[in-house]
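Contents: one structure, followed by commentary.
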Amino acid sequence: MNKRNLLDNLGLWTFRIIAYSVVGAVAYILLDIVVKGAPSIHWDFLSSPPRKSGAAGGIFPAILGTVYLTSGAMLVAFPLGMASAIYLSEYARQGRFTRAIRLAIITLSGVPSIVFGLFGLGLFVLFFGFGASILSGCLTLACMILPTIIVASEEALRAVPQYLREGSLALGAGPWQTIRKNVLPYAIPGMVTGSILGIGRAAGETAPILLTAAAFYLPRLPKSALDPCMALPYHLYVLATQHPSADQVRPMQYGTAFTLVAIVLFFNVGAILLRAHFRKKYQW
Numbered sequence: 000m001n002k003r004n005l006l007d008n009l010g011l012w013t014f015r016i017i018a019y020s021v022v023g024a025v026a027y028i029l030l031d032i033v034v035k036g037a038p039s040i041h042w043d044f045l046s047s048p049p050r051k052s053g054a055a056g057g058i059f060p061a062i063l064g065t066v067y068l069t070s071g072a073m074l075v076a077f078p079l080g081m082a083s084a085i086y087l088s089e090y091a092r093q094g095r096f097t098r099a100i101r102l103a104i105i106t107l108s109g110v111p112s113i114v115f116g117l118f119g120l121g122l123f124v125l126f127f128g129f130g131a132s133i134l135s136g137c138l139t140l141a142c143m144i145l146p147t148i149i150v151a152s153e154e155a156l157r158a159v160p161q162y163l164r165e166g167s168l169a170l171g172a173g174p175w176q177t178i179r180k181n182v183l184p185y186a187i188p189g190m191v192t193g194s195i196l197g198i199g200r201a202a203g204e205t206a207p208i209l210l211t212a213a214a215f216y217l218p219r220l221p222k223s224a225l226d227p228c229m230a231l232p233y234h235l236y237v238l239a240t241q242h243p244s245a246d247q248v249r250p251m252q253y254g255t256a257f258t259l260v261a262i263v264l265f266f267n268v269g270a271i272l273l274r275a276h277f278r279k280k281y282q283w
């Protein structure tokens, strides 16, 4: 075996070990959550409100609040992200200004979530006067995941072959008709991929909703979008770090974590099935 083959094999096994280590760590965490959280899952736990400041009872208001916040954030962010990506990819004149916008979007996608929380607190809670509410939380989470959706959607649009655009324009179709009929159907699977990444981040973040929407102990259900709500990430954070009897509520911690993982998985599976549907329908 010569030196080049030796280096190739060394690099291959190095990356393989790194990949297996990451997968093993994630699998261990998930297995720990499933093994310790599954015994806590029963109907009363999932359907009843919390009692004794969250130390007993169930997590139904937190489940409902997480679904509200995640769904609301996606309803706002996904159309805006798609529209922004379409403009930047298909309409905007490519130059320094457009490159600066793309750089700003990429930079925003790496900003810590607590910064978005402070932004949402200042803009939606205080300036617009929405207060700590579901609406403020949804808009803050939408701002947080919007850069990720824009980047993924624009990459999906760029992946569509140029001849599809040129052929449509050559036959007399307008720019919007070309985008709607010839570009978007083939870019939708990649755009949905961006939404999958956004769903996971929106459902699991604690810092943005801590400042804009979430309450730890709120046994009653919200009556409107201007009411605060409980949420699984914040509920889990308080149980794990702030509760005076952490060992006593350990089963509830794992049960809450298990439920949160299951909800994220449910949203992701739905988005993956939608992506597979569009990918099967529009193949090129």
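Using numbering that gives the first Met the number 0, read the sequence shown as starting at 0 and increasing by one per residue.
We treat Cβ as the ideally placed atom computed from N, Cα and C, and that holds for glycine.
Sequence-distant residues of the same chain with beta carbon closer than 8 Å to residue i, five excluded per side
i	result
I32	Y253, A256, F257 and V260
T65	A202, A230, L231, P232, L259 and I262
The alpha helix (DSSP H) enclosing residue i, as first and last residue numbers
i	result
D43	W42 to S46
T147	I133 to A158
T97	R95 to S108
D31	K2 to G36
M229	Where M229 is concerned, there is no enclosing alpha helix (DSSP H), given that its DSSP letter is neither H nor E.
V114	S112 to G119
P184	L183 to G203
Q176	P174 to T177
L209	A206 to T211
Three-state secondary structure assigned by DSSP to residue i
i	result
R219	coil
A84	helix
G56	strand
P49	strand
A169	helix
A365	It is not possible to answer for residue 365, since the shown part of the chain is limited to 0 through 283.
F129	coil
S39	helix
A72	helix
P243	coil
A61	helix
A261	helix
R92	coil
A214	coil
V124	helix
V66	helix
V237	helix
Residue j beta carbon less than 7 Å from that of residue i
i	j	result
G286	S135	The displayed coordinates of the chain run from 0 to 283. Any statement about residue 286 would go beyond what the structure contains.
W133	A224	Residue 133 is actually Ile in this sequence, not Trp. Their beta carbons are under 7 Å apart, which means I133 touches A224 by this criterion.
M295	A61	As displayed, the chain neither begins before 0 nor continues past 283, which places residue 295 out of reach and without an answer.
P78	M143	no
R278	V191	no
A141	A76	yes
T284	S108	This structure gives no information on residue 284, because the portion of the chain shown stretches from 0 to 283.
D43	G23	no
G171	V263	no
A214	P232	no
L145	G80	yes
I187	N267	no
Contacts around residue i, its chain only, beta-carbon distance under 6 Å, and the 5 residues preceding and following it disregarded
i	result
A91	T97
I271	none
E204	S112
Sequence-distant residues of its chain with Cβ nearer than 7 Å to residue i (five each side left out)
i	result
I178	I85 and E89
V124	G130, A131, S135 and T211
F115	T139, C142, M143 and P207
E153	A84, L87 and S88
F127	none
S46	G57 and F59
The ligand GTP heavy atom lying under 6 Å from the CB of residue i
i	result
G173	Absent from the structure shown: the ligand GTP. Ligands present: none.
(request) Please confirm if the stretch 237 to 247 is in contact with the stretch 93 to 111, defined as three or more CB-CB distances below 8 Å between the two stretches. (result) no
(message) I want to know whether the stretch 213 to 223 touches the stretch 157 to 171 - three or more CB-CB distances under 8 Å.
(response) no
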